[in-house]
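Heads up, the thing below is written out as structure tokens.
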Amino acid sequence: MYGDQANKLVLDAKRFSNLPSIPMYQSDLVRDIVKETNDLNKDSEYLLNTMERLQNEEENGETSSQLVEDQKINQCQTFVTHLSMRRNKRCLLAYEKVRSDKLVEFSWLNVDPMDSVAVGNDMERLGASTAGGAGPSGRPSGSDSRASTTTGTTAGTTNATSKNSMTLPPAKSIPNFTTQLDTNNLNHFEQDFFKNYQDLIMNYRLKFGEYLDLMGDLQPPTDIFIDVRCLKDGGDVTTEYGSFNLIKDSQFYVRKSDVERLIQQGYLEEI
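Each residue of the sequence shown is one higher than the one before, starting from 24 at the first, in this note's numbering.
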């Protein structure tokens, strides 16, 4: 039936619209929809020619009931065919719009696509290991270590093993915006769009210099200090309140403004 392929495409766009990543481009499905639309266009041209022939017969004085019935059938077929073409077009545009919006979201994070994919894989492995051997707090027993940064002390050296018995708050769910990008999932035009949009952002940022950080978080912080979990090794980080070492699966209590960039780059996640 006309529109079935387009409906599958829209359902796929709805499925990944709230995911943190962009799946593989549905090139085969898009190709089938374009072919169907071209076939509908040929049918529409044939129906228009038939309509002109019926109108000429009516102008020549033929007013039989069969002619009137043929005109009604032709008008209905033309309307349905044209409506199906428009629907296919709108579904294609909606699919492309969702993917381009997610590319724009990721571009403003200023994160390398390869790093984002590596972090996503680490999070999946972490979730699998947590499900396999979680303790009462929902995490693998013995794997939690918390450190807090205080003035004049080193945050990364603070051992909080005495807090292992406490139940930690559950990790927040994955945000419904794009934080991972595998460029292999993009088609040629999307890759060009992503590259050109990144260049556009870079040129726009140069106009403001260091006076305005366009890559900062648009949401105002609810707390000055937050709990974060390290998703991958990243070395030592020095802040106003001390320094800490980014070791995978370690947790810290830090000032949010000091780690916003690390969160955007995929090294840390807020919990």
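Backbone N, C-alpha and C fix where the C-beta goes; we use that ideal spot for every residue, glycine too. Please read these numbers as outputs of a predicted model, since none were measured by experiment.
Excluding its 5 nearest sequence neighbours in each direction, Asp205 has C-beta neighbours in its own chain below 8 angstroms: Ser44, Ile45, Pro136 and Val140, listed in chain order. Note on geometry: alpha-carbon atoms of Ser273 and Asn210 lie some 37 angstroms from one another. Per the Cβ contact rule, the region 125–136 is in contact with the region 212–227 (3 or more Cβ pairs under 8 angstroms). Per DSSP, the unbroken beta strand (DSSP E) holding Gln274 starts and ends at Gln274 to Arg278. One alpha carbon belongs to Gln100, the other to Asn61, and they sit about 16 angstroms apart. In the structure shown, the three-state DSSP call for Asn208 is helix. The alpha-carbon of Tyr118 is positioned some 16 angstroms away from that of Gln214. Annotation: the region 31–79 contains no complete segment of the alpha helix (DSSP H) (minimum length 4 residues). Counting every other CB atom within 10 Å of its CB across the protein chains shown gives Gly84 a total below 16, marking it as exposed. Val251 is bridged by DSSP to Phe275 and Glu293. Secondary structure note for Asp259: its beta strand (DSSP E) is the uninterrupted segment Gly258 to Thr262. In this chain, Asn133 is not harboured by any beta strand (DSSP E), its DSSP state being neither H nor E.
Per DSSP, Leu269 is one residue of the beta strand (DSSP E) stretching across Gly265 to Leu269. Residue environment analysis places Tyr227 among the exposed positions, since fewer than 16 neighbouring C-beta atoms fall within 10 angstroms of its C-beta.
Non-local beta-carbon contacts of Tyr25 in its own chain, meaning distances under 6 angstroms to residues more than five positions away in sequence, involve Ser107 in chain order.
Non-local C-beta neighbours of Val121 in its own chain, meaning closer than 6 angstroms and more than five positions away in sequence, comprise Ala36 and Ser40, ordered along the chain. Comparing alpha-carbon positions, the option among Ser130, Leu34, Ser67 and Leu63 lying closest to Leu52 turns out to be Leu34. In terms of Cα proximity to Val251, the closest of Lys230, Tyr234 and Asp281 is Asp281.
Met238 sits in coil when the DSSP states are folded into three classes, being neither helix nor strand. In terms of Cβ geometry, Asp66 and Thr104 form a close pair [threshold 9 angstroms]. Residues of the same chain with a CB within less than 7 angstroms of the CB of Gln28, apart from the 5 flanking positions on each side, are Leu52, Asp55, Ile56 and Glu59 in chain order. Taking Arg110 as the centre and dropping the five residues before and after it, the same chain places the C-beta of Gly26 and Ala29 closer than 7 angstroms to its C-beta, in chain order.
The shortest CA-to-CA distance from Ile224 to any of Gln287, Glu263 and Leu132 is the one to Leu132.
Classified as buried, Gln203 has 16 or more neighbouring CB atoms from the shown chains inside 10 Å of its CB.
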